[in-house]
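The numbering used here applies: residue 439 is where the sequence shown begins, and numbers increase by one. Cβ atoms here follow ideal geometry from the backbone N, Cα and C, with glycine treated the same way.
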Amino acid sequence: MGAFVLATALSLRSLRLALPPLSAWKVAVDPTPQDGTNTVPFRFWHYPYLGTTLEVRVGGLSEGDAGIIDAAVMAEVDRLERLFSVFDPDSELRRWTHREIDQPGPELQEVLAGALRWQRWSAGAFNPMVGLITARWQQAEDEQVEPRPGELAALASSIREPRYVVDSGGTIGVVGDLHGLSLNAYAKGWIVDRAVQRGLEAGPPCGGHDLVVNAGGDLRHVGPRALAVGIENPHRAYDNAPPLSSVIIGQAATATSGSARRAFHVGIQRYSQIIDPRTGTTVQTPASVSVVAPDAATADVLATILAVAHPGLVLERATKLGVAWLIVDQAGSRRANQAWTDLELAADTVMLNAG
Numbered sequence: 439m440g441a442f443v444l445a446t447a448l449s450l451r452s453l454r455l456a457l458p459p460l461s462a463w464k465v466a467v468d469p470t471p472q473d474g475t476n477t478v479p480f481r482f483w484h485y486p487y488l489g490t491t492l493e494v495r496v497g498g499l500s501e502g503d504a505g506i507i508d509a510a511v512m513a514e515v516d517r518l519e520r521l522f523s524v525f526d527p528d529s530e531l532r533r534w535t536h537r538e539i540d541q542p543g544p545e546l547q548e549v550l551a552g553a554l555r556w557q558r559w560s561a562g563a564f565n566p567m568v569g570l571i572t573a574r575w576q577q578a579e580d581e582q583v584e585p586r587p588g589e590l591a592a593l594a595s596s597i598r599e600p601r602y603v604v605d606s607g608g609t610i611g612v613v614g615d616l617h618g619l620s621l622n623a624y625a626k627g628w629i630v631d632r633a634v635q636r637g638l639e640a641g642p643p644c645g646g647h648d649l650v651v652n653a654g655g656d657l658r659h660v661g662p663r664a665l666a667v668g669i670e671n672p673h674r675a676y677d678n679a680p681p682l683s684s685v686i687i688g689q690a691a692t693a694t695s696g697s698a699r700r701a702f703h704v705g706i707q708r709y710s711q712i713i714d715p716r717t718g719t720t721v722q723t724p725a726s727v728s729v730v731a732p733d734a735a736t737a738d739v740l741a742t743i744l745a746v747a748h749p750g751l752v753l754e755r756a757t758k759l760g761v762a763w764l765i766v767d768q769a770g771s772r773r774a775n776q777a778w779t780d781l782e783l784a785a786d787t788v789m790l791n792a793g
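Below is the structure:
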């Protein structure tokens, strides 16, 4: 599996960022060839995949080898997106939730088990059954009538206990109606991780090249060079706006959750599409949460959890996992842990040295 293993194979207490030392950063981001090989990445764009535009970047290889890696990445994304689709009646997830098959395959089992662990870790701030509440908010937007608070509370109460269980052997047992199950806030990052792994397997065995898969902000990078990542300003969510923050990452992933680009509109009110599964209400603060973690699945799910559950002990618990996080509130104020500050300082150092 390479240097990284998927979050579902890790103890939730063992996550740590795999970042290059500061002394390596200037060399790592220097595009000047060291051995005659072009390190300027080839970029490939694909749409629509995983509900967004998907970018693949390959550096340190010929255009032909980069194209082979891109094809392998996209073949894996396409395969897994079909497997996890809630819309395709032939997808494994849809067939399992409709009880057409008794047991999901090993990949769906892994994601379901991981989602259940994060539900427990977050005390319900992440819940794979939140799709039931999302559907109610979508109905509200369609009908232009706000849901009643009591109705939302009842929906939240109905999904508080998991509707499936996982035994010690990984077998999935269904204990409730699975209508509304959605793995989006976890499976998207998981698919990115698997696609990166397939890309690495398709590349030259000598290694030494860089690969980035970016699915609308769920980004994973592997390779010897560090990567500068700009974080969108949620109050200026324009493609040409300068980033709110820039960080340097090594072999790691980033994800951002926020309400800047997507919302429900009911009458004159705008409601975030981030929903607190514990109450059924939409989360109006913070404006955005960004996370750097060892893998995209962890970054993806923690960005959602921190958006729902902050402030509180969950921030301290996330820091203990070894991840970096940045929270921006609706007034534009920032809050970050030391790990994030260190990555920002590294980015500043690189920019200074490059200049």
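Is there a Cβ from chain C that is less than 9 Å from the Cβ of residue i?
{"i": "ARG716", "result": "Of the chains in the structure shown, none is chain C; there is only one protein chain."}
When burial is assigned at 16 or more other CB atoms within 10 Å of the CB, is residue i buried or exposed?
{"i": "LYS758", "result": "exposed"}
{"i": "ILE539", "result": "exposed"}
{"i": "ASN652", "result": "buried"}
{"i": "LEU783", "result": "exposed"}
{"i": "TYR624", "result": "buried"}
{"i": "GLU548", "result": "buried"}
{"i": "LEU657", "result": "buried"}
{"i": "TYR709", "result": "buried"}
{"i": "SER606", "result": "exposed"}
{"i": "GLN689", "result": "buried"}
{"i": "ASP786", "result": "exposed"}
{"i": "THR491", "result": "exposed"}
{"i": "LEU518", "result": "buried"}
{"i": "PHE525", "result": "exposed"}
{"i": "THR694", "result": "buried"}
{"i": "GLU670", "result": "buried"}
{"i": "SER560", "result": "buried"}
{"i": "TRP463", "result": "The predicted position of TRP463 is uncertain, since its pLDDT is 30 and thus under 50; a value taken from the coordinates is nonetheless stated next. That one is buried."}
{"i": "HIS748", "result": "buried"}
Considering residue i, what are the terminal residues of the alpha helix (DSSP H) in which it resides?
{"i": "ASN622", "result": "622–640"}
{"i": "GLU501", "result": "501–522"}
{"i": "LEU550", "result": "544–559"}
{"i": "SER684", "result": "First-last for SER684: 683–687, but that is the beta strand (DSSP E), not the alpha helix (DSSP H)."}
{"i": "GLU579", "result": "569–581"}
Helix, strand or coil: how does DSSP classify residue i here?
{"i": "ARG716", "result": "coil"}
{"i": "ILE743", "result": "helix"}
{"i": "THR779", "result": "helix"}
{"i": "GLU530", "result": "helix"}
{"i": "PRO486", "result": "strand"}
{"i": "THR757", "result": "helix"}
{"i": "ASP605", "result": "coil"}
{"i": "VAL827", "result": "Lying outside 439 to 793, the shown extent of the chain, residue 827 is not represented and no answer is given."}
{"i": "ALA591", "result": "helix"}
Mind checking which residues open and close the beta strand (DSSP E) that includes residue i?
{"i": "VAL650", "result": "648–653"}
{"i": "SER728", "result": "726–731"}
{"i": "ASP767", "result": "Careful: ASP767 lies outside any beta strand (DSSP E) and carries neither H nor E."}
{"i": "GLN658", "result": "Gln is not the amino acid found at residue 658; the sequence shown has Arg there. Per DSSP, ARG658 belongs to the beta strand (DSSP E) from 656–660."}
Using the DSSP secondary-structure output, state which residues sit across from residue i in a beta bridge.
{"i": "ARG709", "result": "In the sequence on display, residue 709 carries Tyr and not Arg. DSSP, once it has assigned bridges, lists PHE702 as partnering TYR709."}
{"i": "GLY696", "result": "SER726"}
{"i": "VAL496", "result": "PHE480, LEU649"}
{"i": "ARG773", "result": "ILE765"}
{"i": "PHE536", "result": "The sequence shown places His at residue 536, rather than the Phe named in the question. For HIS536, which the question treats as bridged, DSSP gives no partner whatsoever."}
{"i": "ILE669", "result": "SER683"}
{"i": "ALA690", "result": "HIS659"}
Can you determine whether any heavy atom of the ligand FAD sits closer than 8 Å to the C-beta of residue i, and answer yes or no?
{"i": "ALA509", "result": "For the structure depicted, the ligand FAD is absent and the ligand set is empty, with no information on it obtainable."}
Legend entry - Cβ contact (3+ pairs, closer than 8 Å) linking the stretch 560–571 and the stretch 597–611: yes
Inset, instruction - Count the CB pairs spanning the stretch 728–748 and the stretch 611–620 that are closer than 8 Å, and state whether there are at least three. - result: no
Legend entry - Contact between the stretch 570–578 and the stretch 635–655 (3+ Cβ pairs under 8 Å): no
Inset, instruction - Examine the Cβ distances between the stretch 506–517 and the stretch 626–646 and report whether three or more of them are shorter than 8 Å. - result: yes
Inset, instruction - Examine the Cβ distances between the stretch 501–508 and the stretch 662–675 and report whether three or more of them are shorter than 8 Å. - result: no
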